[in-house]
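Going by this note's numbering, the letters in the sequence shown line up with residues 398 to 563, in that order.
We put the CB at the ideal spot given by N, CA and C, even for glycine.
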Amino acid sequence: MVLEAVMLCIDNSAYARDGDLVPSRLAVQEEVAGLIAGAKTSMHQENAVGVLTYGEERVSVHLSPTNDMGAVLSALHGLRCGGDSDFVRGIQIAQLALKHRMNKNQKQRIIAFVGSPIKTAEKQLVTLGKQLKKNNVALDLISFGEVDHNAQRLKLLNEAVDSNGT
C-alpha cells in the first residue's frame with residue numbers, strides 16, 4: 398500500500414449544471430469524489446485527501462490534504478457552480494497544495510474531474526504535464542460530459558505526465 402496525498406479537483410463551472418447525468422454533473426462529481434476519498438483514506442490511515450474547485454470566478458482550495466473523512470465530505474457538500482473552468486490553473490494550485498503537505502513521505506496525486514470543454518492550447522497542456530512529471534506528481538483524469546471535445550487534449554496531457562504506465 399502506497400502512502401499518498403491526493404487533491405481532488407472538482408469542475409464546478411457552469412457546465413456542471415447540465416442534467417445529462419442525474420441530478421447534475423456537479424452532484425455526480427461530489428458523490429464520486431466522496432467514494433474516492435473514502436477508498437484512499439481507508440487504504441492507509443496516513444493517506445490525506447484535499448478538495449479544490451476550478452470553476453466560478455477563481456480556483457478555490459476548500460480543504461488542504463487531511464485524513465479526516467468528515468472534513469472531506471463537509472468540503473464536498475454544498476459546492477456551487479457557475480462561470481468558466483480554469484483547468485490548468487486548478488492543476489497548478491493543486492500541485493502547490495500537495496507541495497506543502499505535512500508528511501513529505503506521501504506520494505503526490507491529483508485526481509481531476511473534467512466536465513467542461515478545455516480551451517487551453519495543447520502546447521500549454523504538454524508543458525503542464527512535463528512539469529507534473531518532473532515534480533513526481535501523478536495525475537488521474539476523469540472525463541465526462543464533453544468527452545469528444547477534450548479527448549485529444551487530455552491524451553496529450555496524460556502522455557506528458559505518464560511515467561511508464563503509472
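1) Rounded to a whole number of angstroms, what is the C-alpha to C-alpha distance between A402 and L493?
2) What do you reckon, are the CB atoms on L423 and C478 nearer than 7 Å?
3) Could you spell out where the alpha helix (DSSP H) holding Q426 opens and where it closes?
4) Can you list, in chain order, the residues of its chain with a C-beta nearer than 6 Å to that of D481? Leave out the 5 residues immediately preceding and following it.
5) Secondary structure at R506, three-state DSSP: helix, strand or coil?
6) Name the two residues that bound the continuous beta strand (DSSP E) containing G447.
7) Check this for me: beta carbons of L449 and V458, under 7 Å apart or not?
8) Take L536 and list the residues in its own chain whose beta-carbon comes closer than 6 Å to its own, dropping the five residues that flank it on each side.
9) For L460, which residues does DSSP report across the bridge?
10) Return the Cβ separation of G447 and L432 in integer angstroms, given the expectation that the two are a contact with Cβ distance under 8 Å.
11) Label N502 either buried or exposed according to how many other C-beta atoms from any shown protein chain fall within 10 Å of its C-beta, with 16 as the threshold for buried.
12) Could you tell me the alpha carbon to alpha carbon distance between Q521 and K527, rounded to whole angstroms?
Checking against the coordinates, here is how it stands:
1) Taking the first residue of the sequence shown as 1, we reach residue 402 at position 5. Taking the first residue of the sequence shown as 1, we reach residue 493 at position 96. So the two alpha carbons sit approximately 12 Å from each other.
2) If you number the sequence shown from 1, residue 423 lands on position 26. If you number the sequence shown from 1, residue 478 lands on position 81. Yes, the pair counts as a contact, with Cβ atoms nearer than the cut-off.
3) If you number the sequence shown from 1, residue 426 lands on position 29. R422 to M440 is the extent of the alpha helix (DSSP H) around Q426.
4) Within the sequence shown, residue 481 is the residue found at index 84, counting from 1. S410.
5) Translated into positions along the sequence shown, residue 506 becomes position 109. In the structure shown, R506 sits in a strand (DSSP, three-state: E or B).
6) Position 50 of the sequence shown, counting from 1, holds the residue named residue 447. Where G447 is concerned, the enclosing beta strand (DSSP E) stretches over A445 to T450.
7) For the purposes of this step, residue 449 is taken as residue 52 along the sequence shown, with counting starting at 1. For the purposes of this step, residue 458 is taken as residue 61 along the sequence shown, with counting starting at 1. Closer than 7 Å, so yes.
8) Within the sequence shown, residue 536 is the residue found at index 139, counting from 1. Taking L536 as the centre and dropping the five residues before and after it, the same chain places the C-beta of I507, L529 and V558 closer than 6 Å to its C-beta, in chain order.
9) Taking the first residue of the sequence shown as position 1, residue 460 is located at position 63. Note: L460 sits in a beta bridge opposite V448.
10) Residue numbering aside, residue 447 sits at position 50 when the sequence shown is read from its first letter. Residue numbering aside, residue 432 sits at position 35 when the sequence shown is read from its first letter. Wrong, their Cβ atoms sit about 16 Å apart, outside the cutoff.
11) Within the sequence shown, the letter at position 105 stands for residue 502. It counts as exposed.
12) Reading the sequence shown from its first residue, position 124 is the one you call residue 521. Reading the sequence shown from its first residue, position 130 is the one you call residue 527. Their Cα atoms are separated by approximately 10 Å.
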